[in-house]
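Structure record follows, encoded as structure tokens.
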Amino acid sequence: MTAPAVVSEAPKTSNGHIPGETGIWVFVLGDMTVFAMLFAGFVFYRAEQLGLYLESQAALNQTFGAINTLLLLSSSWFVVMGTDAARRDARALAQRLFAAAFLCGAGFGLVKFFEYREKVLQGLTPVANEFYSFYYMLTGLHLLHVLIGMIVLGFVFLRARAGIRTASDRMFLEGSATYWHMVDLLWIVLFPLLYLMK
Amino acid sequence: MISLLRHPATIVWLILAGVTVFSWWLGTDHGSGAPLQAHVNITTGVILLSLVKVRLILFHFMEVREAPWQLKRVCDAWIVVVGLVLIGLYRFATPGN
Numbered sequence: 001m002t003a004p005a006v007v008s009e010a011p012k013t014s015n016g017h018i019p020g021e022t023g024i025w026v027f028v029l030g031d032m033t034v035f036a037m038l039f040a041g042f043v044f045y046r047a048e049q050l051g052l053y054l055e056s057q058a059a060l061n062q063t064f065g066a067i068n069t070l071l072l073l074s075s076s077w078f079v080v081m082g083t084d085a086a087r088r089d090a091r092a093l094a095q096r097l098f099a100a101a102f103l104c105g106a107g108f109g110l111v112k113f114f115e116y117r118e119k120v121l122q123g124l125t126p127v128a129n130e131f132y133s134f135y136y137m138l139t140g141l142h143l144l145h146v147l148i149g150m151i152v153l154g155f156v157f158l159r160a161r162a163g164i165r166t167a168s169d170r171m172f173l174e175g176s177a178t179y180w181h182m183v184d185l186l187w188i189v190l191f192p193l194l195y196l197m198k
Numbered sequence: 001m002i003s004l005l006r007h008p009a010t011i012v013w014l015i016l017a018g019v020t021v022f023s024w025w026l027g028t029d030h031g032s033g034a035p036l037q038a039h040v041n042i043t044t045g046v047i048l049l050s051l052v053k054v055r056l057i058l059f060h061f062m063e064v065r066e067a068p069w070q071l072k073r074v075c076d077a078w079i080v081v082v083g084l085v086l087i088g089l090y091r092f093a094t095p096g097n
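These protein sequence lines are chains A and B, in that order. Each residue of the first sequence is one higher than the one before, counting from 1 in the UniProt record's numbering. Each residue of the second sequence is one higher than the one before, counting from 1 in the UniProt record's numbering.
Set out below in structure tokens:
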């Protein structure tokens with residue numbers, strides 16, 4: 001005999017609840033590990049040409065990097081609040097919060113655009129030197145994750161209107177939120193390595 | 001609106017934003033002209049702070065604190081391994097450090 005499912009609330013066992021489903025966590029932890037290997041590669045190759053890396057880093061605009069960190073942290077906060085609102089069936093509020101998270105993501109993309117533009121106009125392209133190869137590869141790969149995340153957030157926004165009706169609605173919402181937070185998390189490690197490491 | 005601001009995630013966000021601004025200050029303005037060893041220690045601190053932020057995001061935003069213990073430990077293991085590798089490579093493979 002099964003109790004009627006309250007799908008807006010996560011099923012909880014004595015062992016706890018996996019947000020989304022196990023599959024999303026396999027993907028997220030795998031993606032995090034691939035990025036971690038790239039980060040390790042960056043620190044390793046940096047050691048071989050320390051002067052070049054420090055000199056190249058000095059041309060980066062730390063302010064762009066820090067603003068983008070704050071934008072992603074804020075977007076994550078909006079997603080946490082949006083998920084919370086959706087679980088309470090406060091659909092209109094959830095939609096507003098997801099829209100705000102999306103706009104923070106768009107702001108991140110815009111800052112990145114101006115940052116790339118500034119660098120390219122200075123002749124600092126991906127082929128300028130090894131530091132800039134890493135810079136464009138790491139930030140570009142991360143930006144791709146941001147763009148995918150914004151598409152996902154778009155769907156989260158649309159589906160929030162109807163509310164959480166089925167277990168699959170709940171898994172989609174939690175899985176999407178988990179992915180978006182991972183995008184934030186990766187930037188949190190990327191920012192100090194590229195912009196701040198002395 | 002008040003309930004949003006009272007949410008535990010808001011406190012986590014405040015800590016994350018505060019640490020970000022502090023790391024930014026540490027990594028840019030502070031210690032210019034300071035001896036190399038000071039830079040090495042500051043950078044080590046900045047990496048450690050970023051891993052503290054990662055743990056806050058995993059456990060509080062990604063809801064790992066409510067997850068089965070296996071997921072908690074896998075996440076903690078990722079943080080410890082990444083911290084050891086990055087700080088290890090930074091401190092021991094970089095000439096002069």
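Even glycine gets a Cβ: it sits at the ideal position worked out from N, Cα and C.
- The beta carbon of V79/A sits closer than 6 Å to the beta carbons of A101, A177 and W180 from its chain, once the five residues preceding and following it are set aside; these are given in chain order.
- Counting every other CB atom within 10 Å of its CB across the protein chains shown gives A94/A a total of 16 or more, marking it as buried.
- At a cut-off of 8 Å between beta carbons, F131/A makes no contact with chain B.
- In chain order, W24, G27 and T28 make up the part of chain B whose C-beta sits under 9 Å from the C-beta of Y195/A.
- The alpha-carbon of V19/B is positioned some 25 Å away from that of R46/A.
- Contacts with chain A at 8 Å (Cβ-Cβ) include V85/B.
- Between the alpha carbons of M137/A and F39/A lies a gap of roughly 11 Å.
- Under the Cβ distance rule, M32/A counts among the residues neighbouring chain B, one pair being separated by less than 8 Å.
- Distance from the CA atom of G41/A to the CA atom of S75/A, rounded to whole angstroms, is 29 Å.
- Membership of K112/A in the alpha helix (DSSP H) is indicated by the continuous run R91 to L121.
- For the region 71–85 of chain A, the set of positions with a beta-carbon nearer than 8 Å to some beta-carbon of chain B reads L73, S74, S76, W77, V79, V80, M81 and D84 in chain order.
- In the three-state reduction of the DSSP assignment, G163/A falls in the coil class, being assigned neither a helical nor a strand state.
- Per the C-alpha coordinates, the member of G175/A, A36/A, Q49/A and W25/A positioned closest to L51/B is A36/A.
- Comparing alpha-carbon positions, the option among G83/B, I57/B and S23/B lying closest to V12/B turns out to be I57/B.
- Among the residues facing chain A, F61/B is included, as its CB has a counterpart in that chain under 8 Å away.
- Around the CB of D184/A, 16 or more other CB atoms lie within 10 Å, so the residue is classed as buried.
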